[in-house]
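Following: one structure in structure tokens, then a few remarks.
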Amino acid sequence: MYPESTTDSPARLSHRQTGSPGMIYSARYGSPKRQLQFYRDELMNLDFHVRKHVAFLWKGKQHMYQYGVTPLAYSGA
Numbered sequence: 036m037y038p039e040s041t042t043d044s045p046a047r048l049s050h051r052q053t054g055s056p057g058m059i060y061s062a063r064y065g066s067p068k069r070q071l072q073f074y075r076d077e078l079m080n081l082d083f084h085v086r087k088h089v090a091f092l093w094k095g096k097q098h099m100y101q102y103g104v105t106p107l108a109y110s111g112a
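Here our numbering is used: the sequence shown runs in plain steps of one and ends on residue 112.
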């Protein structure tokens, strides 16, 4: 109905300045590849610590059986 304005409105300027949705996402959250690398590293770090603690607990359990120590939780009391 009305002809397209030849001057850019502030809304159009701000829309053009923000960039594409992909650029906005990358600026806010980082690239998807970098996110995957971060979470992979975090998972490997968590895996390392869990394995370390499980090994420690398993070693402690073996020592308890070796020396005849029964944990209170399993003493039947």
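For each residue, glycine too, the CB sits at the ideal point set by N, CA and C.
Item	Value
For Arg69 and Gln101, the rounded distance between their alpha carbons	48 Å
Ser66 - DSSP class collapsed to helix/strand/coil	coil
Gly57, DSSP secondary structure in three states	helix
Cα-Cα separation between Trp93 and Val85, rounded to whole angstroms	12 Å
Distance between Phe73 and Tyr60 (C-alpha atoms, nearest Å)	16 Å
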